[in-house]
Amino acid sequence: MVSVGTLISTASVAIAAFYFNAPVPRSLPIIYGTFLCLLCGGSRLIVRVLVSGLNGKGRKVVLIYGAGSAGRQLAIALRNSENYKVVGFIDQDKTLENTVIMGLQVYDISRAAYLVDKYDVTQVLLAVPSASRARRKKILESLIDLSAEVLTVPDMKDIVEGKASIDQLKDVAIEDLLGRDPVTPQQCLMESNILGKVVMVTGAGGSIGSELCRQIVRQKPKALVLFELSEFGLYQIDRELKQLMEAEGLHVEIIPLLGSVQRINRLVVTMKSFKVQTVYHAAAYKHVPLVEYNVVEGVRNNVFGTYYAAQAAIEAGVESFVLISTDKAVRPTNVMGTTKRMAELGLQALAEQENRKAKGTRFCMVRFGNVLGSSGSVVPLFKRQIEAGGPITVTHPDIIRYFMTIPEAAQLVIQAGAMGKGGDVFVLDMGEPVRITDLAVNLIQLSGLEVKDEQHPYGDIAIEFTGLRPGEKLYEELLIGDNVQKTAHERIMTANERYLPLAEFEQHLNELDKACHAFNHERIRELLLEAPTDFNPTDGIGDLVWQRTQDNQTQLEKQLVH
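For the sequence shown, position 318 matches number 822 in the numbering used here, and the numbering has no gaps at all.
So this is what it looks like as structure tokens:
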């Protein structure tokens, strides 16, 4: 309407000047029309700029890393957002430097720190969803020192499948910091012990057990037996698997069973009733300090539970039995690692017996380190501590660990199990070890915060060192000896390690059973030291009930003396 009014007004002045001989200069209509347009349009432009400025005050100022297709889509999605204000792109591609895309300039990565300071950028959005983890690690290393939070767009696979949109930003996955790309699984190994067979997973509700179940149903077994002690854990994985199968059009019989691996009769009846052909034994107590505080239960579950499950598998005619072991079984300094090595010894002894049979059960063990996102993992703990304002607690400044994602670990376990001939100890290639302190620093900086230390007394999050916990080592190993051989898979190796004959192992097991029954912790410690586990404890007996019993005994003796 304003434009129409301006046009009519200008035309009226022109008509008056040219046709009615009005006493006005002939150039006046042109000058009048020009000024009228500038005044009317300019006032609107000023109002728009002012309103835009006011609206922008509450928005987060962001830079987009990646001026490719994903970066442009993200810029379009955020253009009309009430939450974000994009001030430019940053990219390592020199051919894009100083170009303008959608009104936004593309800067070289070397100018990122300058841009963050100039525009008071609060977030850098990583828009390279198809980049390999190795490349993402390099990108993150170039961004990690910025005083801005780093977020990322979803994976390209999720975007393409419609599971996520480009603007559904999320935290950087910790596996991107490892820079380790997963190897495509060998399908022949993945399905060898599963396709069309009845498979049983003990500890099915745990971190590793549940991921094994997810991988197994995709290989189309005839049935999957979920064996779990925790009612809630069993409910969760049962429900999740049914949703997964419905979404992916899979048809597998799921059999959720409550049970303890310490009850051999329950195991035998279960395996016989459902004609189980493959067992993945993931049931175990894995938390180092908790097993130190509960020695008898740790021994009962990890040593006897594994041996009972293996005996049940033999009695039920199971074809393949795979034990999920740990790097903490190598030269252990704690009860948990020692019990896992004892579990390995039991399977090695039984394997020698079964290998003499024409159709004996094939036993093998798969040993690996920490998995990201498992129960008790440091990564979720660190994130919670950062959200709470700190401090982050690390046991020792020099402690290092091997890490692997849960899906990759589960896939490698399944593939290793398929290669087992009987008594094999498989070791997974865990990549490079990670210094836990560096991991904590990276998580703090990726959150856009600063580490609080002597050099930065006004930083945001401090890192506190609490001291090594009972039985904890500075570093873990995967091999007892140097005798390791390659397999058909580039990330799976096999180790040849000593073991006990079955009769000798069972004699040792009987003595351990008596000591556990009598709650004789001194004898339990002796037996664990006598076994060929290389157990080298760094602490005394830590069982809480035993310690309290000893304290009560000491107090009673003092009272009798007085």
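In this text, a Cβ means the ideal position worked out from N, Cα and C, and glycines have one as well.
Report the residue from Leu681, Tyr739, Gly607 whose alpha carbon sits nearest the alpha carbon of Arg639.
Working through the sequence shown from its first residue, we reach residue 639 at position 135. The candidate whose alpha carbon is nearest that of Arg639 is Leu681.
At the 8 Å Cβ level, is Ile828 part of the contact set with chain D, yes or no?
The chain labelled as chain D is not found in the depicted structure, where only one protein chain is given.
Cβ distance (whole Å) where Ile759 is taken to contact Leu728 below 8 Å
Against the sequence shown, residue 759 aligns to sequence position 255. Against the sequence shown, residue 728 aligns to sequence position 224. Sure, about 7 Å apart at Cβ, within 8 Å.
DSSP on Arg905, reduced to helix/strand/coil?
Residue mapping note: residue 905 aligns to position 401 of the sequence shown, counting from 1. It is a strand residue.
Can you list, in chain order, the residues of its chain whose CB lies under 7 Å from that of Arg1027, leaving out five sequence neighbours each side?
Counting from one through the sequence shown, the residue named residue 1027 turns up at place 523. Contacts found: Ala1019.
Simplified DSSP assignment, three categories, for His785:
As a working note, residue 785 is residue 281 in the sequence shown. Residue state for His785 is assigned as strand, using DSSP reduced to three classes.
Out of curiosity, what's the CA-to-CA distance linking Leu699 and Cys717?
As a working note, residue 699 is residue 195 in the sequence shown. As a working note, residue 717 is residue 213 in the sequence shown. Approximately 13 Å between the Cα atoms of the pair.
Shortest alpha-carbon distance to Gly841 belongs to which of Gln889, Thr1042, Tyr569, Tyr618?
Here residue 841 is taken as the residue at index 337 of the sequence shown, counted from 1. That would be Thr1042, whose Cα lies nearest to the Cα of Gly841.
Whose C-beta lies closer than 7 Å to the C-beta of Glu1015 among residues of the same chain, with five residues either side of it excluded?
By 1-based counting over the sequence shown, the position of residue 1015 is 511. For Glu1015, where only same-chain residues beyond five positions count, the Cβ hits under 7 Å are Leu1031.
Please go through the same chain and pick out, in chain order, the residues whose beta-carbon is closer than 6 Å to the beta-carbon of Ile903, but skip the five residues on each side of it.
As a first step, residue 903 is located in the sequence shown; it is residue number 399 there, counting from the start. Contacts found: Ile940, Leu978.
contact_flag[the segment 928-935, the segment 624-633] where n(CB pairs < 8 Å) is 3 or more
With the cut-off at 8 Å, the segment 928-935 and the segment 624-633 do not touch.
Using only alpha-carbon positions, find the residue among Glu586, Gly809, Val826, His900 that is nearest to Glu976.
As a position in the sequence shown, residue 976 is number 472, starting the count at 1. Ranked by how close their Cα comes to the Cα of Glu976, the residues Glu586, Gly809, Val826, His900 have His900 in first place.
Which one of His785, Lys790, Arg995, Gly1046 has the shortest CA to CA distance from Arg684?
Your numbering for residue 684 matches position 180 in the sequence shown. Looking at the Cα atoms, Arg995 is the closest of the given residues.
Tell whether a beta-carbon distance below 8 Å holds between Gly809 and Val839.
Within the sequence shown, the letter at position 305 stands for residue 809. Within the sequence shown, the letter at position 335 stands for residue 839. No. Outside cutoff.
DSSP three-state assignment for Pro911, whether helix, strand or coil
Walking along the sequence shown from the start, residue 911 turns up at place 407. Of the three classes helix, strand and coil, the one that applies to Pro911 here is helix, per DSSP.
Closer than 7 Å by C-beta to Phe1009: which residues in its own chain qualify, once you throw out the five before and the five after it? Chain order, please.
Along the sequence shown, read from residue 1 onward, the residue named residue 1009 stands at position 505. Same-chain partners within the cutoff: Leu849, Gly850, Ala853.
Distance, Ser829 Cα to Leu1060 Cα
Working through the sequence shown from its first residue, we reach residue 1060 at position 556. Working through the sequence shown from its first residue, we reach residue 829 at position 325. Approximately 43 Å, taken between the alpha carbons.
Given a threshold of 16 other Cβ atoms within 10 Å of its Cβ, counted over all protein chains shown, does Ser636 qualify as buried or as exposed?
As a first step, residue 636 is located in the sequence shown; it is residue number 132 there, counting from the start. Counting Cβ neighbours within 10 Å, Ser636 comes out exposed, since fewer than 16 surround it.
Buried or exposed: where does Tyr618 fall if 16 or more other Cβ atoms within 10 Å of its Cβ makes it buried?
In the sequence shown, residue 618 corresponds to position 114, counting from 1. By the neighbour-count rule (16 or more Cβ atoms within 10 Å), Tyr618 is not buried but exposed.
If you run the structure through DSSP and keep just helix, strand and coil, what is Gln1063?
Against the sequence shown, residue 1063 aligns to sequence position 559. Reduced to three states, the DSSP call for Gln1063 is helix.
Cβ-based neighbour list, Leu655, same chain, cut-off 8 Å, excluding 5 preceding and 5 following:
Taking the first residue of the sequence shown as position 1, residue 655 is located at position 151. Same-chain partners within the cutoff: Gln627, Val628, Leu629, Leu630, Leu673, Lys674, Asp675, Val676.
Assuming Gly592 and Tyr569 are in contact, meaning their beta carbons sit under 8 Å apart, how far apart are those beta carbons, in whole angstroms?
Start at 1 with the first residue of the sequence shown, and residue 592 comes out as number 88. Start at 1 with the first residue of the sequence shown, and residue 569 comes out as number 65. Contact doesn't hold; Cβ gap of about 10 Å is too wide.
Going by DSSP, name the residue or residues bridged to Thr603.
Along the sequence shown, read from residue 1 onward, the residue named residue 603 stands at position 99. DSSP lists no partner for Thr603.
Using a threshold of 8 Å, state whether the C-beta atoms of Asp649 and Gln959 are closer than that.
Stepping through the sequence shown from its first residue, residue 649 is reached at position 145. Stepping through the sequence shown from its first residue, residue 959 is reached at position 455. No.
Using the C-alpha atoms, what's the distance from Lys642 back to Arg835?
Translated into the one-based positions of the sequence shown, residue 835 becomes position 331. Translated into the one-based positions of the sequence shown, residue 642 becomes position 138. Rounded to the nearest whole angstrom, the CA to CA distance from Arg835 to Lys642 is 35 Å.
Rounded C-alpha distance that separates His785 from Glu858:
For the purposes of this step, residue 785 is taken as the residue at position 281 of the sequence shown. For the purposes of this step, residue 858 is taken as the residue at position 354 of the sequence shown. The alpha-carbon atoms of His785 and Glu858 are separated by roughly 18 Å.
One question on the structure: do Val826 and Gly921 come within less than 8 Å of each other, judged by their Cβ atoms?
Against the sequence shown, residue 826 aligns to sequence position 322. Against the sequence shown, residue 921 aligns to sequence position 417. Taking 8 Å as the cut-off, the Cβ atoms of Val826 and Gly921 count as close.
Closest by CA to Phe736, which one among Asp621, Glu695, Leu1033, Gly763?
On the sequence shown, position 232 is the one that residue 736 refers to. When Asp621, Glu695, Leu1033, Gly763 are compared, the shortest CA-CA separation from Phe736 is found for Gly763.
Determine the DSSP secondary structure at Ala966, reduced to helix, strand or coil.
The residue you call residue 966 lines up with position 462 of the sequence shown. Three-state result, Ala966: strand.
Cutting at 7 Å between CB atoms, please list the residues of its own chain near Ile678, excluding the five before and the five after it.
For this step, residue 678 is matched to residue 174 along the sequence shown. By the criterion of a C-beta distance shorter than 7 Å, Ile678 is surrounded in its chain by Leu876, Val883, once the five residues flanking it on both sides are discounted.
Decide if Glu453 is buried, meaning its Cβ has at least 16 other Cβ atoms within 10 Å, or exposed.
Shown here, the chain extends from 505 to 1066; a query on residue 453 therefore has no answer.
So the candidates are Ile594, Val721, Glu912; which of them puts its Cα closest to the Cα of Leu754?
As a position in the sequence shown, residue 754 is number 250, starting the count at 1. Proximity to Leu754 across Ile594, Val721, Glu912 peaks at Val721, based on C-alpha coordinates.
To which residues of the same chain is Ala966 closer than 8 Å at the C-beta, ignoring the five residues directly before and after it?
Numbered from 1 along the sequence shown, position 462 holds the residue referred to as residue 966. Excluding residues within five positions, the ones whose Cβ falls inside 8 Å are Gly894, Pro895, Ile896, Val955, Lys956, Asp957.
Is Leu629 helix, strand or coil by DSSP?
The sequence position of residue 629 within the sequence shown is 125, counting from 1. Strand at Leu629.
By the three-class DSSP mapping on this structure, what secondary structure does Asn874 have?
For the purposes of this step, residue 874 is identified with residue 370 of the sequence shown, where counting begins at 1. DSSP places Asn874 in strand when its eight states are reduced to three.
Hey, quick one: how far does the beta strand (DSSP E) through Gln577 stretch, first residue to last?
Taking the sequence shown and counting its residues from 1, one reaches residue 577 at position 73. Note, Gln577: premise wrong, no beta strand (DSSP E); alpha helix (DSSP H) at 573-583.
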